[in-house]
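The opening residue of the sequence shown carries number 1 in the UniProt record's numbering; numbering runs sequentially from there.
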Amino acid sequence: MRVAVAGCCHGELDKIYETLALAERRGPGPVDLLLCCGDFQAVRNEADLRCMAVPPKYRHMQTFYRYYSGEKKAPVLTVFIGGNHEASNHLQELPYGGWVAPNIYYLGLAGVVKYRGVRIGGISGIFKSHDYRKGHFEYPPYNPSTIRSIYHVRNIEVYKLKQLKQPIDIFLSHDWPRSIYHYGNKKQLLKTKSFFRQEVENNTLGSPAASELLEHLKPTYWFSAHLHVKFAALMQHQAAEKGQTAKATKFLALDKCLPHRDFLQVLEIEHDPSAPDYLEYDIEWLTILKATDNLINVTGSLWNMPENNGLHTKWDYSATEEAMKEVLEKLNHDLRVPCNFSVTAACYDPNKPQTQMQLVHRINPQTTEFCAQLGITDINVSLQKAKGEHHLCGEYEEQDDVESNDSGGDRSEYNTDTSALSSINPDEIMLDEEEEDDDNIVSAHSDSNTPSIEPSSNQGSDFSASFSDIRILPGSMIVSSDDTSGSPTDREGKLDEAVELENEKDLTEMPLKRRSDEHEPEQRKKIKRRNQAIYAAIDDDDDDD
């Protein structure tokens, strides 16, 4: 099965699908599935734009609304997770996953599905320690704090995923698992992104929660984005018991969808030829969702997950065979994900802009149907009920403002605050002028108590060679002045249309690259954006101490 993986999409669906079409014409066959690693930006209208954590002057509609309205249809089944630049109000309607447009499926806050027998899991958002132990308390309209905290990973999602026992083939996260850089060509990474050096040396680059999941799940593949650089690694896990074969995870991070960037990769993934060619629910995951339903928390208070420490009557929520049979019977032995997409908000009309469109906290009929069928709680229903009964709006907005900016206290189950895990990346963001000084701060905190993974001495230093080079570019992919202005590494010249195929021992893969010889300067005192016309993020400064 041919699977394409995209890094940060930034709403550029047309360009991604055009590149896939070009790859199919030049490659060995059609792509069966597209996986997107966050910053998808499923923006339907002007109200959705206001829920995206970027300064207003960088909010642009892009092309998703055409797929939402039915004007266009995704040419390949597309599955994605959320990142830190999303239309959060839209994705919040689907906490357990669902269709955001025909043939485009969101995995939810965390989720597992199957396609052609391939088991695909993922977790949305990025890690910030001060929000990690809170419940899902945010709802639109968001305030300046909750518009950022809404996309921060919570311990409940990690806890659910850690109940999984059956093997995972592919896992998606937006930010990288911490320490994964030790398993690839770290020297080349730091040559390309020299501003990562301090965090790499202090072992604070990446998410400790994702690292924890990597060690627990041991998937065959793990794909990420966020840091806007292509990076491959091979992590050899330790065998659980003597005599067992040790598993290995092939990690690949990809760049953002822009000219001259490694934003897309096509791989051959083993699948079950007898499995159905439609998206299926995963029975183990559904059983875990049902078992953990009573753990749902819609407050901003800090809380811990149940564990075997004598304080909880139950701490194991893994799926038993009996429980899975009960869930299967509830679904009438039909695990097919229903094609039940419906329009829940007005779609953008370029001829009739509505800049004052009202923000509404919606209940999505897909989520209502899913929760009723499985017998679980819709988080948004709980939020609306709590809001009405306890006036949570004012209470928790105020609480969030205090907690998100407090540098002291017990923030997380991790002993050291690691709020700068999404590295200060001058290639990704430029803050407003009054905040620019803060953007140059890179976390110097080490976190020796956070679970860390280190490569064995015989670990290969460069796994990148496993991903062959095919450099192609659709005709519509031109470099705009916004993409190149102000860059110390601007290049001129024709785009290379040649396609080069390489035979690989382990993988048959096709990275799709917009050719460039550009490198980051070794030192840069003042950060400048390469893609200011797309957006300028505001999440990497607000959470740093």
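Yeah, the Cβ is synthetic: ideal placement off N, Cα and C, and Gly gets one too.
If you follow the beta strand (DSSP E) that Ala4 is in, where does it begin and where does it stop?
Arg2 to Ala6
Using the Cα positions of Leu295 and Ser124, report the straight-line distance between them to the nearest angstrom.
19 Å
Name the DSSP beta bridge partners of His152, please?
Ile126
Looking at the secondary structure, which residues open and close the beta strand (DSSP E) in which Val43 lies?
Segment: none, Val43 is in no beta strand (DSSP E) and carries neither H nor E.
Give the list of continuous beta strand (DSSP E) stretches no shorter than 3 residues that lie fully inside the segment 237–308.
Runs found: 248–253, 262–268 and 279–281.
Excluding the five sequence neighbours on either side, which residues of its own chain have a C-beta within less than 6 Å of the C-beta of Thr287, listed in chain order?
Ala319, Ala323, Met324 and Val327
Return the first residue and the last residue of the beta strand (DSSP E) that Ala110 is part of.
Ala110 to Tyr115
Check whether the segment 273–281 touches the segment 109–116, taking contact to mean three or more Cβ pairs, one atom from each stretch, closer than 8 Å.
In short, these stretches touch, since the Cβ pair count reaches three.
Measure the alpha-carbon distance for Lys387 versus Ser149 and round it to whole angstroms.
18 Å
Less than 7 Å between C-beta atoms, sequence neighbours within five positions excluded: which residues of the same chain meet that for His312?
Pro306
As assigned by DSSP and simplified to three states, the class of Ser69
In the three-state scheme derived from DSSP, where H, G and I count as helix and E and B as strand, Ser69 is classed as helix.
What's the C-alpha gap between Leu217 and Thr245?
The alpha-carbon atoms of Leu217 and Thr245 are separated by roughly 15 Å.
Here's the rule I'm using: 16 or more other beta-carbon atoms within 10 Å means buried, otherwise exposed. How should Cys347 be labelled?
exposed
Start-to-end residues for the alpha helix (DSSP H) that takes in Ala372:
Pro365 to Leu374
Beta-bridge pairing of Thr78 - partner residues as DSSP gives them
Leu34 and Ile104
Once the 5 residues before and after Asp378 are set aside, which same chain residues still bring their CB inside 8 Å of it?
The answer, listed in chain order, is Pro95, Ile363, Thr367, Thr368 and Cys371.
In chain order, what residues of the same chain lie with their CB nearer than 7 Å to the CB of Ser69, ignoring the 5 residues before and after it?
Hits under 7 Å: Cys347.
With a 10 Å radius around its C-beta and 16 neighbouring C-beta atoms as the bar for buried, classify residue 546 as buried or exposed.
This structure does not reach residue 546, given that the chain is present from 1 up to 545, and the question cannot be answered.
Please state the DSSP three-state secondary structure of Met510.
Annotation note: pLDDT 45 at Met510 (below 50); position unreliable, coordinate value reported separately. DSSP places Met510 in strand when its eight states are reduced to three.
Helix, strand or coil: how does DSSP classify Ser224 here?
strand
Which two residues bound the contiguous beta strand (DSSP E) that contains Leu205?
Neither: Leu205 is in no beta strand (DSSP E) and is coded neither H nor E.
Ser173 - containing beta strand (DSSP E), residue span
Ile170 to Ser173
Are three or more beta carbon pairs between the segment 159–173 and the segment 330–337 nearer than 8 Å?
Contact between the segment 159–173 and the segment 330–337 is not established, with fewer than three Cβ pairs separated by less than 8 Å.
Can you name, in chain order, every residue of its own chain whose Cβ lies under 6 Å from the Cβ of Cys8, other than the five neighbours on each side?
Asp39, Ala225 and Lys256
Label Trp222 either buried or exposed according to how many other C-beta atoms from any shown protein chain fall within 10 Å of its C-beta, with 16 as the threshold for buried.
buried
If you draw a straight line from the C-alpha of Asn351 to the C-alpha of Asn380, how long is it?
Asn351 and Asn380 have their C-alpha atoms spaced approximately 33 Å apart.
Per-residue DSSP class, three states only, for Gly388:
If DSSP states are grouped into helix, strand and coil, Gly388 belongs with the helices.
In the structure shown, what three-state DSSP assignment does Glu403 receive?
A caution first: Glu403 carries a pLDDT of 41, below 50, which makes its placement in the model too unreliable to give a value.
Would the C-beta of Leu374 count as close to the ligand MN, meaning under 7 Å from any of its heavy atoms?
Ligands in the displayed structure: none, and consequently the ligand MN is not present.
Taking C-alpha atoms, which residue in Glu268, Ala47 and Leu331 lies nearest to Gly27?
Glu268
Should Ala6 and Val266 be called a contact, given that it needs their Cβ atoms to be closer than 8 Å?
Using a Cβ distance threshold of 8 Å, Ala6 and Val266 do not count as a contacting pair.
State the CB to CB distance for the pair Cys184 and Ala110, rounded to an integer number of angstroms; the pair is presumed to be in contact (CB under 8 Å).
For the sequence presented, residue 184 should be read as Gly rather than Cys. Going by Cβ atoms, the distance from Gly184 to Ala110 rounds to 25 Å, so no, they are not a contact pair.
So, at 8 Å on beta carbons, what are the nonlocal neighbours of Val43 in its own chain, with the 5 sequence-adjacent residues on each side left out?
Gly11, Leu49, Met52, Met61, Gln62, Phe64, Tyr65, Ala87, His90 and Tyr348
Whole-angstrom distance between Lys162 and Thr146, CA atom to CA atom:
Cα atoms of Thr146 and Lys162: separation of roughly 26 Å, rounded to the nearest angstrom.
My output table needs one value for Leu335: the three-state DSSP class, helix, strand or coil.
coil
For Pro177, write down the residues that DSSP places opposite it in a beta bridge.
Ser207
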